[in-house]
Structure formats: C-alpha cells, structure tokens
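Chemist:
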C-alpha cells in the first residue's frame, strides 16, 4: 500500500474507531450521490467527513451538510439526521469508504479524492492515476447482455507474491475493489466468479458485468 493510502487508512481508523472521548477530526473525501432507485450517481463532489464521539458530519462544497446522531437503542450504524430521518451506515465499499442510506438518496463517501480528477482530459484512466495507484489501465468490460465490449478505468495496489487489489469504475459509474489473492479472488459484498484464461483473469460480478484483468496488470513487469 502506498504512503498516501496508509495515511488515509490511519485517518479513517482514527475517525471511526475512537472511543467516546475521542477528539473531533476530519478528512477530505469524495462524495457520490445516488437518488433513491437510480444506479447512476446524480452528482460527485468534494466533501468533508468528520466524526466526534460517534456523531458524524458530512459537508459538501456547496455548503449543504448532513448532521448524523447515533441512535443508541438501535442496531450499530443507525443514525438520525438533523431532520429526524433514519439513516443507515453501510460498509459495502470495503477499505475505500462508507455508504450512508438516506430515505431519498444514498451517499457514497470515498476516502480517496482521485475520482474528482475525472474532468482531467489528459488522463484516460481517470478517476485513477499513478499518484494513488501502482499502475492504471483501461480494462475490457461488459454489462450482462452487451454485444460490444467497453473500456472501464482501473487502478491497482500491488502486494507481495503476485497479489493485488484492483479498483474498478464499473459501467454504471460505481467504484469497487476486486482482490486477487493467492488462494481466491473476491470483492466486498459482491459475488465473484473468476477464471484464469491464459494470462488474463475473466471476472464476473454478481452474475452480470464481466471484466478482463491481465495478470501483468496485477503483478507488474
């Protein structure tokens, strides 16, 4: 893991893992907003995520803010916002971030802000760049039923023994991580089927979208 990822991970651990006496702290993040029932983000914005004694604040660049208070007698990860609505925190992004489910929308909070580089036309693999990843590429990908292949941006964080975590931007605009371990291939909260064909992994997610991931991308030259 690169030093930038380690710093973010340490910051997030401090934010989410502190006891009730923890001091307030915050980190800059990237927030993707999905209107309820939609599978494409309606907006992506820089945001600030902060937590103090279990209370969470998510602030957007335009000044809008969510103030979330933990509900003590409910299941862990249950909050009320400043309007009294119930909000659920989920961990479906693995170590990439957190999901907050509001009644009318979902907010995907990503610790990395590299997705905000997507407007950079000089980077064909945006939102991924070598500032944050060991390498980036465009993977061949398909949605279920697609006749033609697409190109999906991806970045890889390489590990020892040919292992690696590949972060992909799906055709629907959602980021998720595929972990290529020595004994298995997996992804957080997703069903994975993976077959090695020659030097390329063919990975099917939830029986639908398919990605072709070269071993060389995972392991390096």
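Residue numbers (this note's numbering): 617 to 837. Glycine residues also receive a C-beta, built at the ideal position from the N, C-alpha and C atoms. As the structure is a prediction and not an experimental result, all values here were calculated from the model.
In whole angstroms, what is the alpha-carbon distance linking residue 831 and residue 778?
Modeler: Going from the Cα of residue 831 to the Cα of residue 778 covers about 9 angstroms.
Chemist: Excluding five sequence neighbours on each side, which residues of the same chain lie with their C-beta closer than 6 angstroms to the C-beta of residue 751?
Modeler: The residues are 772.
Chemist: When DSSP labels each residue in this structure, what does residue 712 get in the three-state scheme?
Modeler: Helix, per DSSP.
Chemist: Rounding to the nearest angstrom, what Cα-Cα distance links residue 785 and residue 792 in this structure?
Modeler: Those two C-alpha atoms are separated by around 7 angstroms.
Chemist: I need the straight-line Cα distance from residue 683 to residue 816, nearest angstrom please.
Modeler: Roughly 45 angstroms between the two C-alpha positions.
Chemist: Could you give the distance in angstroms between the alpha-carbon of residue 833 and the alpha-carbon of residue 801?
Modeler: Approximately 15 angstroms between the Cα atoms of the pair.
Chemist: Quick check on this structure: which residue in 805, 762, 747 and 797 has the alpha carbon closest to the alpha carbon of residue 827?
Modeler: Per the Cα distances, 762.
Chemist: From what residue to what residue does the alpha helix (DSSP H) around residue 645 run?
Modeler: Counting along the chain, residue 645 falls outside any alpha helix (DSSP H), though it belongs to the beta strand (DSSP E) covering 641-651.
Chemist: Need the endpoints of the alpha helix (DSSP H) that residue 833 sits in, please.
Modeler: Residue 833 -> alpha helix (DSSP H) spans 831-835.
Chemist: Does the structure place the stretch 644-652 close enough to the stretch 720-729 that three or more beta carbon pairs sit under 8 angstroms?
Modeler: Short answer: they touch.
Chemist: For a test of the three-state rule: what should DSSP assign to residue 776, helix, strand or coil?
Modeler: Three-state result, residue 776: helix.
Chemist: Determine the direct distance from the alpha carbon of residue 783 to that of residue 688, and round the result to whole angstroms.
Modeler: So the alpha carbons of these two residues sit roughly 35 angstroms apart.
Chemist: Please classify residue 802: does DSSP put it in a helix, a strand, or coil?
Modeler: In this structure, residue 802 counts as strand in the three-state DSSP scheme.
Chemist: Just the Cα atoms here: how many angstroms apart are residue 795 and residue 681?
Modeler: Those two C-alpha atoms are separated by around 34 angstroms.
Chemist: Rounded to a whole number of angstroms, what is the C-alpha to C-alpha distance between residue 824 and residue 760?
Modeler: Residue 824 and residue 760: Cα-Cα distance of roughly 5 angstroms.
Chemist: Express the C-alpha separation of residue 739 and residue 644 in angstroms, rounding to a whole number.
Modeler: Rounded to whole angstroms, residue 644 to residue 739 spans 22 angstroms at the Cα level.
Chemist: When burial is assigned at 16 or more other CB atoms within 10 Å of the CB, is residue 838 buried or exposed?
Modeler: Summary: the structure shown does not reach residue 838, with the chain confined to residues 617 through 837, and so no result is reported for it.
Chemist: Answer with buried or exposed for residue 755, where buried requires no fewer than 16 other C-beta atoms within 10 angstroms of its C-beta.
Modeler: It counts as buried.
Chemist: So what's residue 704 in DSSP terms, helix, strand or just coil?
Modeler: Residue state, collapsed to three classes: strand.
Chemist: How is residue 823 classed by DSSP in three states: helix, strand or coil?
Modeler: DSSP places residue 823 in coil when its eight states are reduced to three.
Chemist: How would you label residue 788, buried or exposed, when you count the other beta carbons within 10 angstroms and need 16 or more for buried?
Modeler: So residue 788 counts as exposed.
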